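All remarks here apply to the structure that follows.
There are 4 protein chains.
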Amino acid sequence: MTSLFSDPVHGFISVPKDLILDLVQTPVVQRLRRVRQLGVGYLVFPGAEHSRFGHALGAMALMQDALQVLAEKGTPISHEERLAALAGALLHDVGHAPFSHTLETTLIRGFHHELMSRALIVDLDNDFDGRLGLTLEMFDGTYLRPFFHELIASQLDMDRLDYLRRDTFYTGVAEGVVGVDRLIKTLQVIPEAGGPESRLVVEAKGTYAAENYILARRLMYWQVYLHKTVLAGDHLLRAAFRRIRRRPPPFPPVEGSPALMFFLSRIVEATEIDDPVVRARYLALDDTDVLYSLKRWQHDPDPVLADLSRRFINRDFFRVTFLDEPPGPQRRAGWKASVVDWLLAKGLATPTDVEEVALYYLTFDDSRHRAYSTGSRSICILERDGSLRELSESGDTTAISAVATAVVKPYVCAPKEVGV
Amino acid sequence: MTSLFSDPVHGFISVPKDLILDLVQTPVVQRLRRVRQLGVGYLVFPGAEHSRFGHALGAMALMQDALQVLAEKGTPISHEERLAALAGALLHDVGHAPFSHTLETTLIRGFHHELMSRALIVDLDNDFDGRLGLTLEMFDGTYLRPFFHELIASQLDMDRLDYLRRDTFYTGVAEGVVGVDRLIKTLQVIPEAGGPESRLVVEAKGTYAAENYILARRLMYWQVYLHKTVLAGDHLLRAAFRRIRRRPPPFPPVEGSPALMFFLSRIVEATEIDDPVVRARYLALDDTDVLYSLKRWQHDPDPVLADLSRRFINRDFFRVTFLDEPPGPQRRAGWKASVVDWLLAKGLATPTDVEEVALYYLTFDDSRHRAYSTGSRSICILERDGSLRELSESGDTTAISAVATAVVKPYVCAPKEVGV
Amino acid sequence: MTSLFSDPVHGFISVPKDLILDLVQTPVVQRLRRVRQLGVGYLVFPGAEHSRFGHALGAMALMQDALQVLAEKGTPISHEERLAALAGALLHDVGHAPFSHTLETTLIRGFHHELMSRALIVDLDNDFDGRLGLTLEMFDGTYLRPFFHELIASQLDMDRLDYLRRDTFYTGVAEGVVGVDRLIKTLQVIPEAGGPESRLVVEAKGTYAAENYILARRLMYWQVYLHKTVLAGDHLLRAAFRRIRRRPPPFPPVEGSPALMFFLSRIVEATEIDDPVVRARYLALDDTDVLYSLKRWQHDPDPVLADLSRRFINRDFFRVTFLDEPPGPQRRAGWKASVVDWLLAKGLATPTDVEEVALYYLTFDDSRHRAYSTGSRSICILERDGSLRELSESGDTTAISAVATAVVKPYVCAPKEVGV
Amino acid sequence: MTSLFSDPVHGFISVPKDLILDLVQTPVVQRLRRVRQLGVGYLVFPGAEHSRFGHALGAMALMQDALQVLAEKGTPISHEERLAALAGALLHDVGHAPFSHTLETTLIRGFHHELMSRALIVDLDNDFDGRLGLTLEMFDGTYLRPFFHELIASQLDMDRLDYLRRDTFYTGVAEGVVGVDRLIKTLQVIPEAGGPESRLVVEAKGTYAAENYILARRLMYWQVYLHKTVLAGDHLLRAAFRRIRRRPPPFPPVEGSPALMFFLSRIVEATEIDDPVVRARYLALDDTDVLYSLKRWQHDPDPVLADLSRRFINRDFFRVTFLDEPPGPQRRAGWKASVVDWLLAKGLATPTDVEEVALYYLTFDDSRHRAYSTGSRSICILERDGSLRELSESGDTTAISAVATAVVKPYVCAPKEVGV
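Residue numbers (our numbering), protein chains in the order written: chain A, 1 to 420; chain B, 1001 to 1420; chain C, 2001 to 2420; chain D, 3001 to 3420.
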């Protein structure tokens, strides 16, 4: 038996009542309703207010489709494997921090959300009497049928297929639309028996769809995920958090969400996620805490924190300007002088602390994205003659090789009022 | 000049830089990003996480379309009128409470959000040197060309057209889809000169579209807005708030968002919205405060508040059961006995306070909706022979007269574990 | 194994290679590519150029969905039953005449396309060594599990669900959109075992979707299928055909498609479809023959035939005017006098034949539609308490009872140039 | 005043009653309803049954959008220019042959449909008292404001934007979706005054949208327009026509549509389109004539013509196989031997004529497409610093340079039954 969820992206999603619905109802998964999928993206694309909860359901729904396609093509999939793979798709992102990627490293030093996802799946495995053991093997890539790992975590996994489809839906960015159905219909496991050497491939007739998928994802990165106003919003959030950590003595302790202050009042290392207390605090933390705290900090006695918070809440972001090349020391010094003057004139800093304060108001950084990696986890095309070809090596996909190197775009970020 | 917003529902929305963009950027309008359009609806329709901000933009966009259609049909509209009407559509909902309709009367006694919207538009009018005077006239219905008021607030206003279109988009409820474009294309003002007696009518060729709009809206009420799980979620929120107001002595003061506690620690009357302090507190309040507070209250020493809060956060709602008729005293007494037994057994109440506690765990209520009102603000069809006919009076719209009376559905709400 | 068809309405449609794909490839089914789904509808809704072929595939695809839903709910469906039902959905409309309903009775006296569909399925059954025997039983309603017949031919069959969805897609009439997925998900067979007494019902949670489906279908009738310009186009086609049958002596035989002339040069009775020669001629006939012939007839020496043909080809239709009541003899006589004068003035008739010619240029008729029949094949709702309720009898569906009577709209049809 | 057309792709299209609606109602434009946009494409993508009529309306609708965007950005556009440009978009394709591109050169030697379009616009200009003079200048590129020509015919014209959007809609090929709205919103004319040196450019923020448009169009070519089954269908049509031209003596004259036989019974040269008789015959010709004739030819005494026709009508196509390199003489000879044997065995040829007949049953050809031309009519990006950059020269569009060379794919086409 299944339970139906009405999803605007995929239509009705059937959630098996066996195990999967129980997982959906855990606080760990329900928390994803309070973590925005695109972080500050909703402040640039007003429709993109969707949370990671819908994405988790969607990735699971696509996993159902993929497994059905593979089964019809002769790859046997047992009931246990099916549930394990569905659980893997559902849970792969439970470790995300508030505002998704924005705050990951700001909250926990050396953190990556996949580590937390894994730790939380282990906790759930305990709660569910070891029923997630196979999911963990698939997640880790240690299960003897590696294509399950590829469906959960690879360059062509259900996570990516769902988020591209979903994010184009909510942002309205038509250019990112991907033929998810076609791609899934062309998946195959070779050798067909699905033995230990098995891997996931795309049939030749899916070549253009696969190419399009890579190019659409690249476009979404530059057009949405790394949109300069999104970068500006990210910057404000991180600046406010850094300010709290380095806040000078005269100011009283910051008042904010206790769950958030747990992570801001001291330095938490990635290794500490082994500590159940840290995990519990982390689970108590979501976008709500961040927004609630920023709203309060607008009235903090520290003018820098108040200014940064107010700017975020009222969407009065700094300006991000992309540069043709990394700025040299002289250019940087010029900008800094302007920022310093402006801070002093605005009363946001005094000659004593302006050096420190300028750190929050002027940033050099770069955004980088590699559209496709030709390495070990590349996408394989199964040619009509039975041979395998790495996606970028086909004569039909010259556009892929052209985007297989990382692109780096340096930028400077400062208040609009300063002429940077 | 205009600024473009990418809206997944209407495509690109052009926001005039003159006045309207400035209004969009005020904290009053930006706050709408933190108020969910469908209140707890997102806990039933996972895609419906959209806020009132997109709706405000959308209503403004439809107003642009409507004014253009009317102008092309010979109704002159001046630049000032256009800006005033766009501002009216943009601002009509700024007074909404957190979780939209759910909490209105719980926070302020005798409140209706339109009162607050008006008060906030007056504040904005002050901030913008009186540039919203005409908007206020249109909002109030005192402007000499009454069709502007009808476009802002009537049974066929841009507000309703946008929210139906938008809510069907995000919930994925195909049955609610309305031909918004067609309806707007068939609008007309008569007499064409748009004089003082002018009113908004639908041309005969839009009769079926208008009928469909009424029926689709009715369906959205019963299928979405008054969905029984939505009612159950609303109940939990209101129960938690009532509990705080009536919390017995031994417990320490509740810790929650100060902006929220301002409204829960005492009784605020609707008349107090004239007080700028109350308005400022209200503006500081949004969904964030409610969710943040509920998360904290999960750990409150009061087991009732903790239980209600935990249930909301983890979406462990009570069950709502619709009844064929209002339950008689005997039936009510039986249910109450079951709830009392259950509360005592669960340790949520003692014999001393179980009467009080049962108030939060057992509710009789009804949901009611009238799909169409034939009264003074009814929808008028302009027949091909130039005569006017009220929508429900046409032989083509027998379905309308069938739904023009209010439907009332009594229900009982109690924990699933209790066999009610 | 299946073959995939890319359908813009339902996405990828999987066609089983066993039997069903072979049926798709027969000339009988391929002919449907040359029969427009909406007859002359494409001359009013320019996107509605779709043929019955896509609809046949779509009805089959929805049958797949419905059978899967029923199977998951415990109604066992054997492989043979499944193929038979899919074939039934695919083939249910193979008997359609060119321009679908427009020409049915004009070509064959007393004809109904279902008779021809059945005869052609019998032919296919012979070609396929009796593999369509079960399909014929389902089609006829003689199979011991009657719900299969209901899925193929009832007020809630896959035919209707597909054509509503499809016709709204191609016409762009948003008001007709129906929640096909939701409806199919709420189907059930009771008693669950699917025994001889079994019937198809809609679960209570589908009540509003079922109501919406009836209302949307009604809207599509008045807004699209019986659109007054569609009626005007139908009229021209039939008038040209009648003229050929009654063409006076001096004119030479009409040159047109031989397949079409077979049916126009004499009167074919519905009983003659038992004759294989008649069926072969019928199969040779499609929209192509009609359009080709009309194009030639534009240059026919008979000015009446030439005028009617030219008007159709260039979309220079007569005007249809709906009337509040059937016109009395005096009104009719007045119109006729105008038409007669106009025909004489235009040189389309002489005093000798103007009585005859006026028959093609002035028509009184009515369009009629009953949105829902409460009779024996009504739609049944399975209430939550296990009882059955006919759709129009629920308190939630007052709109249905309001549209359950036939609506009749009289109209007059004449050239625009005549002031009728 | 305007007239509304309901288009499933763009929604309601407003057609100005001044000039443009009159043009729509001419037989020249109405004929486009009988010419399929994708030729035989509907036999591969069943939804793609749309005609050039909807495309002509759509291109005109996008021209309206583009002109409004340009006007808002300060490029003055007079009423006459607007009408002329709308007419240009509407009429640009009126010269298309039946089945669009498939038959162009088969019907008229050395033909290109743009020549015929121009000749027909000249005819219309005569009918409309010279009101299309400006349209002809824009069409020819001789008008002093060259951006109008670019909007009508260039690598970024309204024709291409509409057909990509439209063909993805009807084929259901999601990968081809293009952000048409975004692209049009980023168009600009520089210098802004729109003087003689003016040209159409894309603003920097449209760079990725422009890149995506090129890549999506390329994908549509390989995935749809040059799909191997489409090529196979094209082949059959052309083979049947060639057979008629070269039909050996014993056979009686072919019976088919006179309009079609006019072009098949002798060789018509491209220069003859100056002859009004040829143009009239051409206007009488559309898909109807081709399908009608093929249906008749199924029963032709010439077994070759009958076989080719039957295969087309019943969609029993040859197989097209793409080759890694052009086949050498030995490979060709081997295939030919197989085809010859098969033809003799099937009785489709005798030893006397098998050489000739084999020409229809075995073809070597190649399909070729250049996704983007960097030459004189390239797409220009207006960078944020005011400079111009050719699309392929930006660091952000490496994928473009990778596809700017022509790709050639050799293939062989022969009956499936022959093992080629």
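The C-beta atom is built at its ideal place from N, Cα and C for all residues, glycine as well. These numbers come from a predicted model, not from an experiment.
For residue i, tell me which candidate among the options has the shortest Cα-Cα distance.
i: Met2063 of chain C; options: C:His2010, C:Arg2031, C:Val2028; result: C:His2010
i: Ser1078 of chain B; options: B:Leu1134, B:Ser1265, B:Ser1051, B:Phe1128; result: B:Leu1134
i: Lys1205 of chain B; options: B:Asp1385, B:Leu1231, B:Leu1343; result: B:Asp1385
i: Lys1185 of chain B; options: B:Ala1210, B:Leu1164, B:Arg1199; result: B:Ala1210
i: Ala2087 of chain C; options: C:Arg2052, C:His2096, C:Ala2059; result: C:Ala2059
i: Arg2331 of chain C; options: C:Asp2366, C:Val2420, C:Ser2387; result: C:Val2420
i: Ala66 of chain A; options: A:Val403, A:Leu226, A:Pro415, A:Asp181; result: A:Asp181
i: Val24 of chain A; options: A:Gln188, A:Arg52, A:Tyr42, A:Asp324; result: A:Arg52
i: Ala1371 of chain B; options: B:Ala1399, B:Trp1297, B:Phe1317, B:Glu1355; result: B:Ala1399
i: Glu2355 of chain C; options: C:Asp2365, C:Ser2338, C:Arg2368; result: C:Ser2338
i: Thr48 of chain A; options: A:Glu80, A:Tyr170, A:Leu156, A:Ile121; result: What sits at residue 48 of chain A in the sequence shown is Ala, not Thr. Selected option, being the one with the closest Cα: A:Tyr170.
i: Ala963 of chain B; options: B:Gly1095, B:Ile1020, B:Tyr1282; result: Any question about residue 963 of chain B goes unanswered here, given that chain B covers just 1001 to 1420.
i: Val1069 of chain B; options: D:His3050, D:Ser3003, D:Val3040; result: D:Ser3003
i: Gln298 of chain A; options: A:Val254, A:Pro415, A:Ile379, A:Asp324; result: A:Val254
i: Lys409 of chain A; options: A:Phe317, A:Gly334, A:Glu325, A:Ala333; result: A:Glu325
i: Ser1367 of chain B; options: B:Asp1162, B:Ala1089, B:Gln1030, B:Leu1226; result: B:Leu1226
Give the DSSP bridge partners of residue i, in chain order.
i: Leu382 of chain A; result: A:Glu203, A:Leu388
i: Lys409 of chain A; result: A:Ser367
i: Gly11 of chain A; result: A:Asp7
i: Ile3190 of chain D; result: D:Arg3199
i: Pro16 of chain A; result: A:Thr2
i: Ala1414 of chain B; result: B:Arg1319
Under 8 angstroms by Cβ, that's how I've got residue i and residue j pegged, so tell me the actual separation to the nearest angstrom.
i: Val2044 of chain C; j: Thr2321 of chain C; result: Rounded, the Cβ-Cβ distance is 16 angstroms, inconsistent with contact.
i: Asp1007 of chain B; j: Gly1074 of chain B; result: Contact doesn't hold; Cβ gap of about 30 angstroms is too wide.
i: Ser3154 of chain D; j: Arg3377 of chain D; result: 5 angstroms
i: His3112 of chain D; j: Glu3104 of chain D; result: 7 angstroms
i: Val28 of chain A; j: Val94 of chain A; result: 5 angstroms
Looking at residue i and the ligand SAH, is the gap between the Cβ and the nearest heavy atom below 7 angstroms?
i: Pro3191 of chain D; result: The ligand SAH is not part of the structure shown, which contains no ligands of any sort.
Three or more C-beta pairs under 8 angstroms: does that hold for the segment 107-127 of chain A against the segment 172-188 of chain A?
Too few Cβ pairs lie closer than 8 angstroms, so no.
Unbroken stretches of the beta strand (DSSP E), 3 residues or longer, contained in the segment 2295-2381 of chain C
Qualifying beta strand (DSSP E) stretches, in chain order: 2319-2322, 2363-2369.
Only counting runs of 3 or more residues, tell me where the beta strand (DSSP E) segments fall wholly within the segment 227-272 of chain A, in order along the chain.
none
Tell me whether the segment 2244-2251 of chain C and the segment 2213-2220 of chain C touch, counting them as touching only if at least three CB pairs, one residue from each stretch, are closer than 8 angstroms.
The segment 2244-2251 of chain C, when compared against the segment 2213-2220 of chain C, does not touch it at the 8 angstroms Cβ threshold.
Curious, which full-length alpha helix (DSSP H) runs of at least 4 residues does the segment 3038-3114 of chain D contain?
3052-3072, 3079-3091, 3104-3107
Does the segment 285-294 of chain A come into contact with the segment 28-36 of chain A, if we say contact requires no fewer than three beta-carbon pairs (one atom in each stretch) closer than 8 angstroms?
yes
Below 8 angstroms, can you find three or more Cβ-Cβ pairs linking the segment 1265-1276 of chain B to the segment 1296-1303 of chain B?
no
Completely contained alpha helix (DSSP H) runs for the segment 1133-1169 of chain B, where each covers 4 or more residues
Entirely contained in the segment 1133-1169 of chain B, the alpha helix (DSSP H) runs reaching 4 residues are, in chain order, 1133-1140, 1147-1152.
Are the segment 399-408 of chain A and the segment 328-346 of chain A in contact at 8 angstroms, needing three or more beta carbon pairs?
no
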